[in-house]
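Structure first, commentary second.
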Amino acid sequence: MPGALSVVPAGVLSGVDALKLFEHARENKYAIPAVNITSSSVANAVLEAARDIKAPIILQVSNGGGAFLAGKGLANDKQQASVAGSVALAHHVRTVAPLYGIPVILHSDHCAKKLLPWFDGMLDADEAYYKVNGVPLFSSHMLDLSEESDEENIGTCVKYFTRMAKMGQWLEMEIGITGGEEDGVNNENVDASSLMTKPEQVYAVHKALSAISPSFSIAAAFGNVHGVYKPGNVKLTPEILGEHQKYAHDQDKSKHEKPLFLVFHGGSGSSKEEIKTAVVNGVVKMNVDTDVQWAYLSGHRDYIVKNLDRLREQVMPDGTPNKKLFDPRVWVREGEKYIVERVKEACVDLLTENKL
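In the working numbering, the protein residues as written are -17 to 338.
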């Protein structure tokens, strides 16, 4: 099997190259982990993991993550902090990603209707970057209008995708609701039936967006829930994704057995078997956020607990300085090490290991 670097370059990919990478994933039956980034530290750790395990990777920023990157002390009443932080992250990743020698998709995560000014701001930055460089700043973006009617959801996606397609950009959209709470979007109390998308809904999206460009993916709900919950509390049915694929294949008489590029949201805490079934049924991207957050904290926590006595003072009573222990480059690095291992685990689970 020729590796991913035989079809796309190292560094941040254009939307056109993102399509080539997702086609490579579909053909070779693997999915790419997508990790939410809240700092340059997290970004670098994720890139390091992908480099070490020889895998492509997706770095994505949420609305809240963008605001945090710009600084929590900034006003965000018009989404200005979220836009600025997201754009700043994009420039950082574009600068360092080629040094890691791996293909990187630079993506923005869930954008609900109320957050569309954030989406507009990122597209403005994409278009400005495109005029100078011939590629957009981001590889792709996600619209999540799943709380709206299917008609409004699909219509809004068509509107924005038409604008994005002029730059060759990738669009991810969601139909059906992912349960739980993430980044201010709370679906913890929705009816369970809303967590299951029907094949007809998925195909309606596929038909509408295919008329614009092939560069899109669909996050179809199959019981997904953001966060991590006690085993047994969340019932995933990734096998229904195969029904979506068959329906689309039969409707279009597609040359591909699995014509849909599908996305797995709420992947943290999922069993190995659930992940495997999702990939078999055409998932090419899986979000891993909560588990990576926990890994980052765990690295910091374990370091502090281990060195707690010396971290109580800048200088010990006997005159021994503790600067080398409380230097952020030391303890932040411990969190990064834990992220590296957790992202490697995700790559193994998704069969992305050694795909370069």
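By construction, the Cβ of each residue, glycine as well, lies at the ideal position given by its N, Cα and C atoms.
Where K60 is concerned, there is no enclosing alpha helix (DSSP H), because DSSP gives it neither an H nor an E. The shortest CA-to-CA distance from D126 to any of K113, P118, K96 and E109 is the one to K96. The segment 106 to 117 makes no contact with the segment 5 to 20; the number of CB pairs closer than 8 Å stays below 3. Contact between the segment 309 to 319 and the segment 65 to 77 is absent: fewer than 3 CB-CB pairs across the two stretches fall below 8 Å. Contact check between the segment 142 to 154 and the segment 190 to 197: three or more CB pairs, one atom from each, fall below 8 Å, which counts as touching.
Residue environment: L3 is assigned as buried (16 or more neighbouring CB atoms within 10 Å of its CB, all protein chains considered).
Annotation: the segment 254 to 322 contains the following complete segments of the alpha helix (DSSP H) (minimum length 4 residues), in chain order: 254 to 262, 272 to 288 and 305 to 308.
In this model, D59 and A49 are separated by some 11 Å (Cα to Cα).
V(-10) and V330 have their C-alpha atoms roughly 21 Å apart. In the DSSP assignment, V24 falls within the alpha helix (DSSP H) that extends over S22 to I35. Take the alpha-carbon of G46 and the one of A230: they are about 35 Å apart.
A direct Cα-to-Cα measurement between C139 and L223 gives close to 21 Å.
Counting every other CB atom within 10 Å of its CB across the protein chains shown gives T272 a total of 16 or more, marking it as buried. Counted as a single uninterrupted DSSP element, the alpha helix (DSSP H) harbouring V140 occupies residues D132 to A147.
Taking the Cβ atoms as the reference, V270 lies roughly 5 Å from A328, within the contact range of under 8 Å. Approximately 19 Å separates the beta-carbon atoms of K240 and A(-14); this is outside 8 Å, ruling out the contact. Under the three-state reduction of DSSP, F120 is assigned to coil, being neither helix nor strand. Per DSSP, M(-17) has no beta-bridge partner at all. In the DSSP annotation of this structure, the continuous segment of the beta strand (DSSP E) that includes S90 starts and ends at P85 to S90. Of the candidates V(-6), R76 and L1, the residue whose Cα lies closest to the Cα of F198 is L1. Counting only the Cα atoms, H92 lies some 23 Å from E182. Within the same chain, Cβ atoms closer than 7 Å to the Cβ of V75 are found at V(-6), A25, L41, V86 and L88, the five residues on either side in sequence being excluded.
For L127, the secondary structure class from DSSP, reduced to helix, strand or coil, is coil. The alpha-carbon separation between A(-8) and A37 amounts to approximately 11 Å.
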